[in-house]
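Following the numbering used here from start to finish, the sequence shown increments by one per residue and tops out at 310.
To keep things clear, I will list the structure first and then write my remarks on it.
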Amino acid sequence: MSDQKAIATPKRTKEILNKYEFFFKKSLGQNFIIDVNILRNIITKAEITKDMNIIEIGPGIGALTEQLALAANKVVAFEIDGRLLPILEDTLEGYNNVTIINQDILKADIIEICDKYFQDSKPVKVVANLPYYITTPILMQLLMANLPIASITVMIQKEVAERMAAKENTKEYGSLSIAVQYYTEARVETIVPKTVFMPQPRVDSAVLHLKMREVAPVKVMDETFFFNLVKASFQQRRKTLRNNLSRHFNEVFAKLEIENGLEHVGIDGTRRGESLTIHEFGSLANYFYQRIKENS
15 MSDQKAIATP KRTKEILNKY EFFFKKSLGQ NFIIDVNILR NIITKAEITK
65 DMNIIEIGPG IGALTEQLAL AANKVVAFEI DGRLLPILED TLEGYNNVTI
115 INQDILKADI IEICDKYFQD SKPVKVVANL PYYITTPILM QLLMANLPIA
165 SITVMIQKEV AERMAAKENT KEYGSLSIAV QYYTEARVET IVPKTVFMPQ
215 PRVDSAVLHL KMREVAPVKV MDETFFFNLV KASFQQRRKT LRNNLSRHFN
265 EVFAKLEIEN GLEHVGIDGT RRGESLTIHE FGSLANYFYQ RIKENS
């Protein structure tokens, strides 16, 4: 397909919007990509082939969907805005390997959808240009649902992408970094300027690639407790680990017990949460979870 015929150009996008008298809803975080090279780069980073099936979230007017349809076996796209359905029916008319579902991805049964539309046992990947306002809830739901997907490649706010892929001892590193990296190998692939969107957002974006892990990098006794402890460790970033944990678990452990636990797993209580690796958090969570079980 020539670039001129692609949906993702300023001229074609304006023509489609004018034809349907479509207006953007800020509440839905709608920003359409108008650079086809950016979309092809996303597909390259996602390593999509005709042997793969794709779940897309928020197809908009079909710019990314079109490129996915050309590269993949099948595409199932979730669009929450019913106003876009007739537009998508028009722009994607020539692609018989695309299914549009008018549903909120957060309320969808993804396993049921895969069983219904992907009956060929090909790998499933998620690719999307996600609205900024709901990026984290969507990604965390996908990661925690134990879905049959191989990877997730998304265009999201640059700052959030950097937090999700951050390593310890950096200012971006936090509980979100650990949550994402518990389930995936996270990598920021490329930074995308705000100028390639219509309308332009206030900040730049980034393409984040998340490769699903077959096995978590650390074995924890209880995932809920592990994430709870991690979140507590970053509650006040300038506070020491000892202080944050003592404050959070004050009804369960005395300060001395917190100190003894830190010493037992070989972690200096004067360190801050941002300095701990995911393995250190795992050891800490397992120790305190075991202590709670013993005392119950």
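Note that CB positions come from ideal geometry on N, CA and C, so glycine has one too.
Predicted model, so just to flag it, every value in this text is computed and none were measured.
Going by the CB atoms, is the gap between residue j and residue i shorter than 8 Å?
i      : j      : result
Val202 : Glu173 : no
Thr167 : Ala60  : yes
Leu222 : Ala179 : yes
Lys136 : Asp218 : no
Asn111 : Lys88  : yes
Ser289 : Asn183 : yes
Ile152 : Ile71  : yes
Met212 : Thr27  : yes
Ser55  : Phe132 : Here residue 55 is Asn; the residue named in the question, Ser, does not match the sequence. Not in contact: Asn55 and Phe132 (Cβ atoms no closer than 8 Å).
Asn51  : Pro215 : no
Arg285 : Leu255 : yes
Gln155 : Leu190 : no
Phe248 : Gly287 : yes
Ile21  : Thr149 : no
What residue range is occupied by the uninterrupted beta strand (DSSP E) comprising residue i?
i      : result
Val244 : Careful: Val244 lies outside any beta strand (DSSP E), inside the alpha helix (DSSP H) at 237-247.
Lys25  : From DSSP, Lys25 is part of no beta strand (DSSP E) but of the alpha helix (DSSP H) over 24-33.
Thr113 : 112-115
On the three-state DSSP scale, how would you describe residue i?
i      : result
Lys40  : helix
Phe132 : coil
Ala164 : coil
Lys19  : coil
Ala83  : helix
Val141 : strand
Val279 : coil
Val50  : helix
Asn67  : strand
Taking the C-alpha atoms as reference points, what is the distance between residue i and residue j?
i      : j      : result
Ile47  : Ile115 : 21 Å
Met169 : Thr198 : 16 Å
Val138 : Gly108 : 23 Å
Asp118 : His278 : 46 Å
Ala83  : Gly188 : 36 Å
Ala220 : Ile127 : 28 Å
Leu102 : Glu237 : 40 Å
Val90  : Gly76  : 12 Å
Ile272 : His293 : 18 Å
Val210 : Leu98  : 20 Å
Phe295 : Tyr146 : 29 Å
Pro100 : Phe38  : 16 Å
Val13  : Asn143 : In the structure displayed, the chain extends from 15 to 310; residue 13 sits before or after that span and is not available.
Phe263 : Val140 : 38 Å
Val232 : Tyr196 : 8 Å
Met226 : Ala200 : 9 Å
Ile62  : Asn258 : 43 Å
Val206 : Leu53  : 11 Å
Lys33  : Ala246 : 51 Å
Phe240 : Phe267 : 16 Å
Ser310 : Ala230 : 28 Å
Leu78  : Glu228 : 28 Å
Lys253 : Leu31  : 50 Å
Hey, could you find the ends of the alpha helix (DSSP H) residue i is sitting in?
i      : result
Phe92  : That residue, Phe92, is in no alpha helix (DSSP H); its beta strand (DSSP E) goes 88-92.
Asn7   : Lying outside 15 to 310, the shown extent of the chain, residue 7 is not represented and no answer is given.
Glu103 : 99-105
Lys307 : 292-309
Gln155 : 149-158
Starting from the N-terminal side, write out each stretch of the alpha helix (DSSP H) that is 4 residues or longer and does not extend beyond the stretch 171-234. The DSSP assignment places 172-178, 189-197 as complete runs of the alpha helix (DSSP H) inside the stretch 171-234, in order along the chain (cut-off: 4 residues).
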